[in-house]
Amino acid sequence: MLSDLNNDFIAQGKFLFPPSDALLMNALLSNLSRTLTLLALFAIISVTMPPAMAHNPIFGQDNHDLSTAVRIPDANISYAMYGYLDAPGEAQFYYMDISSPVSLMTQMNVPKNDVYANFRPSYAIIGPGITTHDPIPFEVPAGNGSLLINASRQEPRSEFYEPFSGITYNNSAKTYTDITVPGRYYIAIFDGSHKKGDYFLATGELESFSIWDLPSVIWKVIQLRLGWLDHSKEAAST
Numbered sequence: 258m259l260s261d262l263n264n265d266f267i268a269q270g271k272f273l274f275p276p277s278d279a280l281l282m283n284a285l286l287s288n289l290s291r292t293l294t295l296l297a298l299f300a301i302i303s304v305t306m307p308p309a310m311a312h313n314p315i316f317g318q319d320n321h322d323l324s325t326a327v328r329i330p331d332a333n334i335s336y337a338m339y340g341y342l343d344a345p346g347e348a349q350f351y352y353m354d355i356s357s358p359v360s361l362m363t364q365m366n367v368p369k370n371d372v373y374a375n376f377r378p379s380y381a382i383i384g385p386g387i388t389t390h391d392p393i394p395f396e397v398p399a400g401n402g403s404l405l406i407n408a409s410r411q412e413p414r415s416e417f418y419e420p421f422s423g424i425t426y427n428n429s430a431k432t433y434t435d436i437t438v439p440g441r442y443y444i445a446i447f448d449g450s451h452k453k454g455d456y457f458l459a460t461g462e463l464e465s466f467s468i469w470d471l472p473s474v475i476w477k478v479i480q481l482r483l484g485w486l487d488h489s490k491e492a493a494s495t
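In this text, residue positions in the sequence shown follow my numbering: the first is 258, and each later residue adds one.
Dropping the structure here:
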C-alpha cells in the first residue's frame with residue numbers, strides 16, 4: 258500500500274510524499290479503503306440475495322402507541338419491520354405518509370421454531386382511506402377506519418429462508434390493500450391470543466437500495482446475524 262510505503266520511507270528519513278502531504282494522503286487512502294470495503298459488502302448483499310427477499314430492515318423499539326410509531330419511508334419500497342411483542346396485549350405501531358394511490362402489500366412473518374409454532378400475530382391498517390371499521394383492541398383516531406388482517410386465520414403458512422437474518426420463517430399470505438386517499442396510515446401489530454414473540458412484517462414490493470442505505474443495512478444485518486433480535490428464549494420462559 259502507498260501509505261505503508263510512505264511510512265517506510267519516513268522511517269529511513271526519506272519521503273515518498275512531502276511531510277505536509279503524508280498525513281493527508283494516509284487519510285485519503287484510509288477513507289478509500291473503507292469506502293471500497295463498504296461497496297464490496299453492498300455488492301455481496303445485492304448479488305447473493307434473491308430479489309423477492311431484499312427487504313430493507315427497520316427495527317421497532319418503544320413504538321407502543323400512535324405517538325411513538327416508527328416511520329416507514331415509502332409504501333411502495335420493500336421494507337421489513339422487525340419487532341418483538343414482549344407483553345400480553347401489547348401492540349407495536351408503524352406509520353407511512355401516502356400522497357398518491359397505492360396497492361399496499363403486507364405480509365406477516367414469524368421465525369420457524371418450536372417456541373413460535375402457535376404464535377400468529379395479527380395487524381391492522383388504520384387511516385383516512387380505510388372504509389371498514391373492524392374491531393381492534395385500541396383506539397382509532399377520529400376520521401380513520403381500521404382494516405384487520407387476522408393472521409391466525411390464514412392457513413397454511415409457507416416456509417422460507419431469509420438471507421438478511423439467516424433465519425427460516427413461517428409467512429402468512431400476502432395481503433394487498435388499495436389506498437386512494439392521501440394521508441397518514443398506521444400499521445398496528447398485536448397478538449389476539451396475548452402471546453409474546455418475534456416477528457417481521459414485510460411491506461412494499463419495489464426493491465430499491467442506495468449506497469446511502471448501506472451503512473445502516475450492514476449494521477442491522479450484523480445485529481440480526483448475531484441473534485440480538487432473537488427473543489425466543491425469553492418468550493419460552495413465560
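Every residue, glycine too, gets a C-beta built ideally from N, C-alpha and C.
query, result
"Between F395 and A459, is the Cβ-Cβ spacing less than 7 Å?", "no"
"Report the start-end ranges of each beta strand (DSSP E) in the region 340-382 that is 3 residues or longer and not cut off at the edges.", "348-355 and 359-368"
"Measuring CB to CB, does F316 end up less than 7 Å from Y339?", "yes"
"Just mark G384 as buried or exposed, buried being the case when its beta carbon has 16 or more other beta carbons within 10 Å.", "buried"
"Determine the closest residue to L483 out of G423, N427 and S489, with distance taken between C-alpha atoms.", "G423"
"Given a cut-off of 7 Å on the beta-carbon distance, is the pair R481 and I334 in contact?", "The amino acid occupying residue 481 in the given sequence is Leu; Arg does not appear at that position. Against a cut-off of 7 Å, the Cβ pair of I334 and L481 comes out as no contact."
"Check for me: the beta strand (DSSP E) holding R414 runs from which residue to which?", "No beta strand (DSSP E) contains R414, which DSSP labels as neither H nor E."
"Once you ignore the five residues that flank T363 on each side, which residues in its own chain have a CB closer than 6 Å to its CB?", "T432 and T460"
"Could you give the DSSP three-state label for S422: helix, strand or coil?", "coil"
"What do you get for P392, buried or exposed, if any count of 16 or more other CB atoms within 10 angstroms of its CB means buried?", "exposed"
"Ends of the alpha helix (DSSP H) at S489?", "S489 to A493"
"Just the Cα atoms here: how many angstroms apart are A309 and I446?", "Legend: pLDDT at A309 = 40, less than 50; position of this residue unreliable, no value from coordinates given."
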